[in-house]
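A.B. asks: The listed protein sequences correspond, in order, to chains Y and G.
For reference, each letter of the first sequence is one residue, going 8 to 521 in my numbering.
For reference, each letter of the second sequence is one residue, going 3 to 628 in my numbering.
Glycine is no exception: its CB is placed at the ideal position from the N, C-alpha and C atoms.
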Amino acid sequence: MMFDNILSILVFFPALAALLGFVVEKGSIRAYGIAVAAVEFALSLVLWYAYDPSVVGMQFMESIPLVPAFGIHYLVGIDGISLFIIVLATFFTLIGIASLGEVSRLKDMILTLLFLEMTMVGVFVALDAVVFYVFWELSLVPMLYIIGAWGGPLRIYASIKFFLYTFTGSLVMLVGMLFMAYFYHQATGVWSFSILEWYRLVLPENFQIWLFVAFFFGFAIKVPMFPFHTWLPYAHGQAPTIGSVILAAILLKMGTYAFVRFSLPMFPDASVFFMVPIAVISIIMIIYTAMVAYAQEDIKQVVAYSSVSHMGVIVLGTFALNVEGISGSVFLMIAHGVVSGALFMLVGVYYDRRHTKLLSEMGGLASVMPHYATIFGIMVMASVGLPLTINFVGEFLSLLGFYKQSHILTLLAGTAIIVGAIYMLAAFKKAFFGTVTNEANRGLKDVNGRELFALIPLVLVTVWLGVYPKPVLEPINNSVESIVSLMHEKAITQEAKMRIPNPSQQEAASGGSH
Amino acid sequence: MELYLYLALFSPLAGSLIAALFGARPKTLFTGVVTSALLGLSLVSSTILLFYILGGGAAVHVEMMTWMATGDLYIPFGFLVDQVSVTMMMVVTVVSTVVHVYSIGYMDHDKSFNRFFAWLSAFVFSMMVLVMSDNFAGLFIGWEGVGLCSWALIGFWYHKESAIWAANEAFIMNRIADLGMLIGLFLIYWNVGSLQYDRFFEAVVTLDQSVLVMIGIFLFIGAMGKSAQFPLHTWLADAMEGPTPVSALIHAATMVTAGVYLVVRANPLYEMIPEVGYFVASLGAFVAMFAASMALVNRDMKRIIAYSTLSQLGYMFVAAGLGAYWVALFHLMAHAFFKALLFLGAGNVMHAMSDELDPFKMGGLKKVMKGTWIMMTLASVALAGIWPLAGFFSKDLILEVAFVEHHYVLYTVLLLTAMLTAFYSFRLVALIFHGEERYKEYGSHPHEAYTFMLIAMSPLALLAVIAGFAFKGSYIDMVTAVLPATEYHVHSPVVFWIMVIGTQLLVGAAIAYAYKKYQNAKIDKAFEQRPCYKVLFNQYYIPHFYEEYISKPYRELSHVAWKQLDLRVVDATVDGIATLFYKTGEQTHTMQNGNLSTMLRWMVAGTVLLLALGVAFTVGISVVAG
C-alpha cells in the first residue's frame with residue numbers, strides 16, 4: 008500500500024532533496040527549494056487526508072531494527088497529537104522558504120531549512136526514544152547554523168547559548184531515557200526503547216518522580232519554562248526572521264509535545280505529584296514574562312517574550328490532566344505556532360525595510376502601510392485570544408481544563424487574557440498609531456506579493472480554525488482520550504486516580520451529553 | 003422563520019465584509035449605502051420575527067454547526083430567538099440602522115469613511131451574536147466581538163494619542179471583567195456539563211447555593227465591565243473619543259447594555275440568589291447617583307451624556323437586581339431610543355461647532371438648529387421621565403419597583419438621581435440652545451445638519467415619545483412569557499398618585515432650576531475653585547488614582563522585572579554557571595602542558611586522592627552500618 012512508508016518519505020525526502028540541492032545552480036535554488044517544500048507539504052496533507060481519526064492508537068507505523076540487542080528500532084508512527092504539528096512544520100517550511108527575501112548565501116539557507124525540516128518531522132514521528140533523541144539533538148544543528156551565520160551582531164553568543172543550554176537539558180533527559188530502558192529491562196527481561204512499550208510499564212511512584220525530573224529538564228529548557236527561558240530572547244533577538252519563525256512556530260513545540268508524549272503517559276503519578284509546582288511555574292511564565300514583554304523596546308522582543316507567556320498556558324493545559332485541558336493545550340500548540348510564526352514574519356516585514364526593530368523608530372505606520380497594519384492587527388487580536396481566532400479555542404480549553412484541578416490557580420493563569428492584551432495593545436499602539444513622526448517611515452512600501460503569499464494563508468488558517476476547529480480538534484481529542492484513559496488505568500496512587508478522570512466513564516456517566 | 007433568523011444575523015456581517023474590501027481606499031458612498039441597506043434587511047427580518055413571536059409563535063431555535071467539542075464539552079453555534087432576544091434584536095437593529103444612515107452624513111468628509119462602515123457593521127453583527135446566542139460561549143463570542151469593534155471605533159481616529167489611549171483602556175478594562183465572565187463559564191461547565199442556556203437553567207434548581215452564588219458573582223463581574231459599573235466605569239467617559247455615531251450606537255444604546263441583558267437572560271440563576279441580586283441593585287443605585295453627580299459640573303457635552311448613560315445603566319441594574327427583569331429590559335429599550343437620539347443630536351451640534359465640545363462656548367443655537375434643538379429637547383424630556391414620554395414609563399417603573407419591594411433607601415437614591423438627571427440634562431440643553439450666542443466670541447459659524455440626517459434621526463424621536471405608552475402593554479404580554487411576570491403596583495392609590503405627581507413635580511422643578519441657572523451662563527471662576535466642584539470635575543480623582551497606583555506601578559514593575567530580574571538575576575545566573583565551567587577549564591589547562599614529569603606528578607596526586615576517597619568512603623559505610 009502506498010501509505011506504508013509515507014512517514015519515512017516525509018522524514019527523509021527533504022534531507023535527500025537538500026543533499027541533491029548542492030548540485031543545483033544558484034539561480035534556480037529558490038524555485039527548487041519552494042518545489043521541494045511544496046511537495047513535502049502536499050505529502051503531509053495527504054497524510055492528514057489518509058489519517059483515520061476514529062482509529063485508536065498509532066497509524067502508519069514502520070519498524071526497522073537498528074540495534075536489536077538493545078531493542079533499538081527505527082520506529083515511527085503518528086496519532087492526532089503529532090499529525091498536526093507535522094503539518095504545521097511542513098507548512099511553515101514552505102511559506103518560510105517562499106517568503107525569504109534577499110539573503111546572502113541563499114542556497115545555504117534553503118538547504119539548511121530543508122535539513123531542519125527533516126529533523127522537525129523526525130522528532131514528531133519518532134516512537135523510539137533513541138530515534139527521538141537523535142532527531143531532537145540534530146534539530147539544534149541547523150538552527151545553530153541559521154542564527155550563527157545569518158544573525159545579528161551578537162549572533163555567536165546567542166547561537167552558542169542556545170546550543171549549550173538546550174543541549175545540557177537534553178543530556179539530563181538522555182540519562183532519564185537510559186534509566187527508563189534499564190527499568191524496562193529489569194521488569195520484563197528484554198531491552199526496548201519503544202515509547203509504546205514504555206507506556207505499558209507501571210513504575211513505583213518514587214521512580215516516576217526521579218525520571219519525571221530528568222525528562223523535565225530536557226523539555227522545560229526547550230519550551231522554555233521559567234527560569235530556563237533566557238536563551239530565547241537572545242536567540243530571537245539575533246536570529247534572522249526565518250529562524251525566529253521556525254523556532255517559535257515549531258521548535259518550541261517539541262518541549263510541550265514531549266510532555267504529552269512522554270511525561271504524562273509514562274509517569275501519571277508523578278504528573279499529578281508535580282501538577283501544582285508546574286502550574287505555579289506556568290503562572291509565573293504567564294504573568295512575569297508578560298510584564299517583561301510590556302517593558303520591551305524592541306518589537307521582536309515583545310513577540311519573543313509573548314511566546315514564553317503563551318507557552319505557559321500550553322503547559323498549564325497539559326497538566327490539567329483531563330481531556331478538555333490536554334486537547335486544548337495540543338490545539339494551542341498549533342495555534343501558537345500559526346500566530347507567533349505570523350507575528351515574527353510581520354516583524355520581519357518591517358525589518359526588511361528599515362533594518363530596525365525598535366518601537367521608538369516606528370509609529371503611525373497604519374497610515375503608511377494600511378494592509379500591513381490590518382494583518383498585524385488581526386494577528387495581535389489572535390494573540391490576545393479573541394474568540395473566533397485560532398488561539399481562543401486552545402486558550403479557552405486549556406484554562407477550562409485546569410479549572411477542574413484548581414480554581415485559584417486558574418484564576419491567576421486567566422490573567423493571561425489581561426496582561427496579554429496590555430503588552431500587545433501597547434506595542435501595537437506604539438508601532439502603528441499616532442502620527443508618522445519618523446521621516447524614514449514616510450515612504451515605506453506596503454506588504455508586497457511575496458510577503459502576502461506567506462501572510463494570507465496564515466490569516467486564513469487563524470480565522471478558519473477559530474471558527475471551525477473541528478477538523479483539527481476531533482483527531483486531537485480522540486488521541487488525547489486514549490492517553491488520558493491509559494493514564495487513569497496506570498495510575499497507582501489514589502490521588503492520581505481521582506485527579507485523572509477516565510474519559511470513557513465520564514462519557515457514560517453524563518449519559519452521552521452530545 | 004429560520005431564514006429570517008439567518009438574515010437578521012448575517013446581513014450586517016455581509017455588509018461589514020463588503021465595506022472592509024474597500025477599507026483602505028478613499029471614500030466610496032456606496033459602502034455606506036450598502037451597509038445601511040443590509041442593516042435595513044436585518045431590521046425587516048427582526049421585525050418579522052418580532053411579529054411572529056408577538057403572534058404567539060414558539061421561540062426559533064437553530065443549531066448551525068459545531069464550534070468546539072472535546073471531552074464532554076460540546077459547544078455549537080446555536081441561535082435562539084425568543085421574547086427576550088427579539089426585544090434586543092429590535093433595539094439593536096433599529097438604532098443601528100438609524101446610526102448607519104446618519105453616519106453617511108456625519109462621516110461625510112472623513113477619509114476613512116469605508117473603514118468606519120466596515121467596523122460599524124461588524125459591531126452590529128457581534129451584538130446580534132451576543133443577544134441571539136443560545137449558550138454562554140456564543141454570548142462570549144459576541145461579548146468579545148463588540149469589545150473588539152468598540153476598541154477599533156473608539157480609536158477610529160488613530161492619529162490622536164488620546165483616542166488610542168481611550169481605546170486601549172476600554173479594551174483592557176473589559177478584559178479584566180471578561181476574566182470574571184470566563185471563570186463563571188468554567189464554573190457552569192464543571193457543575194452542569196454544558197454551557198447551553200436551557201441545560202443550565204434546568205440544572206439551576208439542583209445546584210448548591212454556594213455554587214450558584216459564585217456563578218452569579220462571576221457572571222456579574224463580566225457584566226460590570228461591559229456595562230461600565232463602578233469600579234470599572236472610567237473607560238466609558240473616555241470612550242467618547244470615538245466618533246459620535248459610535249457613542250450613540252455602542253456606548254449608549256447597545257453594547258453597554260449587554261451586562262443588563264446578561265443578568266436578564268440569566269434570570270433563573272439570579273432568582274435563586276436574591277442576596278447577589280440585592281448587591282447588584284445596590285451597586286446600580288450607587289452608580290446611578292455617582293455618575294449623575296459627575297454629570298452635574300462637566301464641561302464636555304459628550305461626557306455629560308456618557309455619565310448620564312452610566313447613571314441609567316445603574317437604574318437598569320436596580321431593576322434587574324430586584325428581580326424586575328422585564329422592567330430592566332423595558333428601560334433598556336426606552337433608554338436606547340432616547341439616548342441614541344441625544345447623542346446624534348450632540349453629533350449635529352459638534353458638526354455645527356467644528357467639533358467644539360464645551361457647551362459654555364455655545365448658546366442660542368436653537369435659532370440656527372431648530373430640528374436638532376427639538377429632538378434633543380425631546381430626548382432630554384424623555385430622559386428626565388416626564389409624562390407621557392418613554393422615560394416616564396420605564397424609569398418611574400423602576401422607582402415603583404424599589405418602593406414596592408420595600409427598598410426605601412434605593413428608592414430615595416433613585417428619586418434624588420432622577421432630579422439630578424433632569425437638572426444636568428436641561429443644563430446641557432439650556433447651555434447649548436438657549437441664551438446668548440456665546441459662540442460668536444469664538445468665531446464659529448454653526449449650521450444645521452443635512453436634512454437626511456435629521457430625517458434619519460426622526461424614528462428615534464418618534465420612539466422616544468411613544469415607546470412608553472404605545473408598547474408597554476404588548477411588551478409586557480410578550481416578555482412575561484419567559485421572564486417572571488411580577489407586577490409592581492403600589493397598593494394604595496393615594497400613595498401611588500402622590501408618588502407619581504410628586505416625582506413629576508420634583509423633576510419639573512429641577513428642569514426649571516437648570517433653565518434659570520444656565521440660560522445665560524457665564525463661566526463661574528469662583529465656583530470652579532470650590533473643592534466639591536473639583537472633586538466632581540476630576541471624577542472623584544478615580545482615573546488619577548488608577549494611573550498613579552495601578553498603571554504606573556505596573557509599568558515600573560515591568561521594567562524592573564526585565565532589567566533587574568530577568569537580565570541581572572535569571573540570565574546572569576545562567577551565564578555565571580557557564581563562565582564557571584569556562585574559567586575552570588582555562589585555569590586548569592596548564593596541567594596539560596605535555597611535560598611528562600609534571601603529568602606523572604598529577605597522576606600520582608590523583609591516585610592518592612582517589613585512594614583517600616575510597617578509604618574514607620569504606621570507613622564511612624562501616625560506621626553508618628555498624
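Could you check what DSSP says for Y/E69 in three-state terms: helix, strand or coil?
C.D. replies: Strand at Y/E69.
A.B. asks: In or out: Y/N213 buried (at least 16 other Cβ within 10 Å) or exposed?
C.D. replies: By the neighbour-count rule (16 or more Cβ atoms within 10 Å), Y/N213 is not buried but exposed.
A.B. asks: Taking the beta carbon of G/D577 as the centre, do at least 16 other beta carbons fall within 10 Å, making it buried, or is it exposed?
C.D. replies: So G/D577 counts as exposed.
A.B. asks: Three-state secondary structure (DSSP) at G/F24?
C.D. replies: Three-state result, G/F24: coil.
A.B. asks: In chain order, what residues of the same chain lie with their CB nearer than 6 Å to the CB of Y/A277, ignoring the 5 residues before and after it?
C.D. replies: So the list reads Q215, I216 and F219, once near-sequence residues are dropped.
A.B. asks: According to DSSP, Y/V83 sits in a beta bridge with which residue or residues?
C.D. replies: Answer by DSSP bridge pairing, in chain order: Y/E69 and Y/A133.
A.B. asks: Which residues in chain Y have a C-beta closer than 7 Å to the C-beta of G/S18? List them in chain order.
C.D. replies: Chain Y residues near G/S18: none, gap ~13 Å exceeds 7 Å.
A.B. asks: Quick check: Y/G370 and Y/N445, are their CB atoms within less than 8 Å of each other?
C.D. replies: Contact: yes.
A.B. asks: Counting only the same chain and skipping the five closest in sequence on each side, list residues whose C-beta sits under 6 Å from that of Y/N485.
C.D. replies: Here the set comprises P60 and G87.
A.B. asks: Is the shortest distance between the beta-carbon of Y/N329 and the beta-carbons of chain G less than 8 Å?
C.D. replies: For Y/N329, the answer is yes, since a Cβ of chain G falls inside 8 Å of its Cβ.
A.B. asks: List the residues of chain G whose Cβ lies closer than 8 Å to the Cβ of Y/I415, in chain order.
C.D. replies: Under the 8 Å cutoff, chain G gives no residues; its nearest Cβ is about 10 Å from Y/I415.
A.B. asks: Let's see if you can read the secondary structure: which residues bound the beta strand (DSSP E) around G/Y76?
C.D. replies: Its beta strand (DSSP E) spans residues L75 to V83.
A.B. asks: If we count Cβ pairs, one from each stretch, closer than 8 Å, do we get three or more for the stretch 281-288 of chain Y versus the stretch 361-379 of chain Y?
C.D. replies: Contact fails: fewer than three Cβ-Cβ distances are below 8 Å.
A.B. asks: For Y/M369, report the span of its beta strand (DSSP E) as first-last.
C.D. replies: From DSSP, Y/M369 is part of no beta strand (DSSP E); its letter is neither H nor E.
A.B. asks: Report the CB separation of Y/V315 from Y/L239 in whole angstroms; it is logged as a contact under 8 Å.
C.D. replies: So it is a contact: roughly 6 Å between Cβ atoms.
A.B. asks: Sort G/Q521, G/L209 and G/L399 by Cα distance to G/F471 and report the nearest one.
C.D. replies: With distances taken between Cα atoms, G/F471 lies closest to G/L399.
A.B. asks: What do you reckon, are the CB atoms on G/I252 and G/F125 nearer than 8 Å?
C.D. replies: Contact: yes.
A.B. asks: How should Y/S106 be labelled, buried or exposed, when 16 other C-beta atoms within 10 angstroms of its C-beta is the threshold for buried?
C.D. replies: Buried.
A.B. asks: Which term fits G/C534, buried or exposed, when burial requires 16 or more other beta carbons within 10 angstroms of its beta carbon?
C.D. replies: Per the 10 Å Cβ criterion, exposed.
A.B. asks: Listing by chain order, which chain G residues have their CB less than 8 Å from the CB of Y/M180?
C.D. replies: Residues of chain G passing the Cβ test: none, with the nearest at roughly 18 Å.
A.B. asks: Please name the residue, chosen from G/K397, G/A22, G/G365 and G/H491, that lies closest to G/V431 on a Cα-to-Cα basis.
C.D. replies: Here the closest residue by C-alpha is G/G365.
A.B. asks: What residues in the stretch 437-465 of chain Y bring their beta carbon closer than 8 Å to a beta carbon of chain G?
C.D. replies: Taking 8 Å as the Cβ-Cβ cut-off against chain G, the residues of the stretch 437-465 of chain Y that qualify are F439, F440, G441 and T442.
A.B. asks: Could you spell out the range, first to last residue, of the alpha helix (DSSP H) harbouring Y/A522?
C.D. replies: A query on residue 522 of chain Y cannot be resolved here, the shown segment of chain Y reaching from 8 to 521 and no further.
A.B. asks: Below 7 Å on C-beta distance, what does G/V572 contact in chain Y?
C.D. replies: Those within 7 Å of G/V572 in chain Y are P234 and T237.
A.B. asks: Is DSSP giving Y/D359 helix, strand or coil here?
C.D. replies: DSSP places Y/D359 in helix when its eight states are reduced to three.
A.B. asks: Can you check whether the C-beta of G/G80 is within less than 8 Å of a C-beta belonging to chain Y?
C.D. replies: No, its Cβ sits nowhere closer than 8 Å to a Cβ of chain Y.
A.B. asks: Could you give the uninterrupted runs of the alpha helix (DSSP H) lying entirely in the stretch 170-228 of chain Y, keeping only those of 4 residues or more?
C.D. replies: The qualifying runs are 202-206.
A.B. asks: Which word fits G/I552, buried or exposed, when buried means at least 16 other C-beta atoms lie within 10 angstroms of its C-beta?
C.D. replies: Answer is exposed; the Cβ neighbour count stays below 16.
A.B. asks: Could you tell me which chain Y residues have their CB closer than 7 Å to the CB of G/I185, listed as they occur along the chain?
C.D. replies: Here the neighbours are L418 and G421.
A.B. asks: Under the DSSP definition of a beta bridge, which residues are partnered with Y/D305?
C.D. replies: Paired residues: Y/L365.
A.B. asks: Using beta carbons (cut-off 8 Å, strictly below), is Y/I61 in contact with chain G?
C.D. replies: Just to set this straight, residue 61 of chain Y is Ser in the shown sequence, not Ile. Not closer than 8 Å to any Cβ of chain G, the Cβ of Y/S61 fails to qualify, so no.
A.B. asks: So is G/M455 buried or exposed if we call it buried at 16+ other beta carbons inside 10 Å?
C.D. replies: When all chains shown are included, G/M455 counts as buried.
A.B. asks: Consider the Cβ of Y/T370: report whether some Cβ of chain G lies at a distance smaller than 8 Å.
C.D. replies: Here residue 370 of chain Y is Gly; the residue named in the question, Thr, does not match the sequence. Judged by the 8 Å Cβ criterion, Y/G370 is not in contact with chain G.
A.B. asks: Please classify Y/E204 as buried or exposed, where buried requires at least 16 neighbouring CB atoms within 10 angstroms.
C.D. replies: Burial call: buried.
A.B. asks: Bridge partners of G/L72, per DSSP?
C.D. replies: Rather than Leu, the amino acid found at residue 72 of chain G in this sequence is Thr. Per DSSP, G/L75.
A.B. asks: Using 10 angstroms around the beta-carbon of Y/V74, count the other beta-carbons present and answer buried if the total reaches 16, otherwise exposed.
C.D. replies: Classification for Y/V74: exposed.
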